[in-house]
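Report on the structure given below.
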Amino acid sequence: MEDVEAASSDQLREEYKHGILTGEWHRRLILPNGELVVMHGPGVMVHFLQTNAADAFSSSSVSIKI
1 MEDVEAASSD
11 QLREEYKHGI
21 LTGEWHRRLI
31 LPNGELVVMH
41 GPGVMVHFLQ
51 TNAADAFSSS
61 SVSIKI
C-alpha cells in the first residue's frame, strides 16, 4: 500500500510541476489505483474516486410498477 501511495504522490507532484512550468493544465492523470485526477490550475484539482458497480441506488429493493 505504501508503494502505491508513494507512486501516487510522485505522479501528482510531477503533474503539478509540469503544469506550473508549461502552463498546460486540464490533463487527465490516472493513479496506480485506477482513480482519476484532473488539475485545472495551480489551485484547483479534481479527484474522481472509483465507484463500485453496486451502489446505494442500484441495490435498492424498491421496484417501480407502471
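Under the UniProt record's numbering, the residues of the sequence shown are numbered 1 to 66, in order.
We put the beta carbon where it would ideally sit given N, CA and C, even for glycine.
The model shown is predicted, which means the values in this text are computed figures rather than measured ones.
Asked                                                                                                                                   : Found
Please report the distance separating the alpha-carbon of F48 from that of H40.                                                         : 13 Å
So what does DSSP say about H18, is it helix, strand or coil?                                                                           : helix
Quick check on DSSP: helix, strand or coil for L31?                                                                                     : coil
For L36 and R28, which I take to be in contact (beta-carbon distance under 8 Å), what is that distance rounded to the nearest angstrom? : 6 Å
Cα separation between R13 and G34?                                                                                                      : 17 Å
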